[in-house]
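Our numbering applies: residue 7 is where the sequence shown begins, and numbers increase by one. Backbone N, C-alpha and C define an ideal beta-carbon position, used for all residues, glycine too. These figures come from a predicted structure and were not determined experimentally. Read the structure below first, then the notes.
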Amino acid sequence: MKVVSFKICPFVQRVTALLEAKSIDYELEFISLSDKPQWFLDISPNGQVPVLITDEGKTLFESDAIVEYIEEAYPPLQSGITLEEKAANRAWSYLASKNYLVQCSAQRSPDEDVLKERSAKLGKAFDRIEKQLGDTPFFSGDKIGMVDIAWLTLLHRTDIVNKHSCYDFVGDRPKMKKWRQELLKTGLAEKSVSADFVEAFSAFYLSDETYLGRGCRVVDGSFSEACATDSCC
Ligand SMILES: N[C@@H](CCC(=O)N[C@@H](CS)C(=O)NCC(=O)O)C(=O)O
């Protein structure tokens with residue numbers, strides 16, 4: 007199968023993370039979103055990535071639909087779960103994916119005030135998942151599942167931002183912090199993106215144009231002057 011991709015797209019990463027978690031072979035084809043090729047526009051009804059082209063040549067779009075297809079068409083990540091558990095997984099996954107663009111926009115904040123406002127929005131979703139997390143390494147227990155895959159992209163990005171700027175979108179949420187650690191330990195974050203992902207991500211989100219890129223740091227819960235080194239903690 008083939009995934010039509012854009013390097014720093016979180017919706018694409020959710021799909022590739024699931025493929026990696028299931029050890030399914032796939033090819034990637036990167037396109038430019040500012041100059042979409044005609045073949046892509048011909049097969050993508052919404053003009054967006056990800057698009058998945060199955061081994062049979064069928065074209066699928068919308069990441070929610072694609073991950074559902076991958077979960078059902080191949081040996082499941084989570085076998086033997088009830089319909090209610092499946093529905094709950096969808097709902098908690100949706101809380102992640104509907105916040106991908108919220109996180110993107112927060113990462114692009116030009117200044118402190120905008121960052122505060124945008125990260126507060128993301129924080130509401132983080133509060134809800136923090137309340138729902140238990141004491142197991144992953145969302146539903148000891149094995150990685152669909153909700154973990156959906157949240158992986160958000161948590162991966164919080165980790166990159168945190169390493170660059172000392173600002174942590176996760177904030178004071180201990181269960182999420184532990185969860186992020188467990189998810190990163192699986193290696194799926196790196197496997198689901200290209201080798202130059204951090205570079206490409208940083209060029210867009212952590213450049214001089216963004217508050218995070220200029221190396222904001224948090225002291226006693228508030229932002230202090232910019233610090234532009236790679237590691238300012
Ligand atoms: N609802 C879509 C959202 C995908 C999406 O927003 N993709 C972005 C890249 S991260 C895109 O293709 N943007 C190009 C455009 O909208 O023209 C999904 O879940 O697949």
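Chain-ordered, the residues whose CB falls short of 7 Å from any heavy atom of ligand 1 come out as F12, C15, P16, F17, V18, L39, N52, G53, Q54, V55, P56, F67, E68, S69, D70, S103, L107.
Burial is judged here by how many other beta carbons sit within 10 angstroms of a residue's own beta carbon; T164 has at least 16 and is buried. Judged by DSSP in its simplified three-state form, K42 adopts coil rather than helix or strand. Ranked by Cα distance from E118, the first of W157, G219, Q54, T192 is G219. In this structure F207 is in contact with I14, their Cβ atoms being roughly 5 Å apart against a cut-off of 8 Å. DSSP, read as helix, strand or coil, puts L194 in helix. Annotated three-state conformation of E215 is coil, per DSSP. Here the alpha carbon of Q138 sits roughly 17 Å from the alpha carbon of K149. For T65, DSSP records a beta bridge to I59.
Beta-carbon to beta-carbon, L158 and A23 are separated by about 5 Å, close enough to satisfy the 8 Å threshold.
The three-state secondary structure of K92, taken from DSSP, is helix. Ranked by Cα distance from V10, the options K28, S40, S50 are led by S50. Per the Cβ contact rule, the stretch 16 to 34 is in contact with the stretch 194 to 201 (3 or more Cβ pairs under 8 Å). Contact annotation, V176 with K183: C-beta distance approximately 6 Å; criterion of less than 8 Å satisfied.
A131 and C172 have their C-alpha atoms some 21 Å from each other.
Closest option to E215, judged by alpha-carbon separation, among I135, D141, R114: R114. By the C-beta density criterion, N52 is exposed, having fewer than 16 other C-beta atoms within 10 angstroms.
Between S99 and V57, the C-beta spacing is not below 8 Å.
Counted as a single uninterrupted DSSP element, the beta strand (DSSP E) harbouring F36 occupies residues 33 to 36. In the DSSP annotation of this structure, V176 is not part of any beta strand (DSSP E), being labelled neither H nor E.
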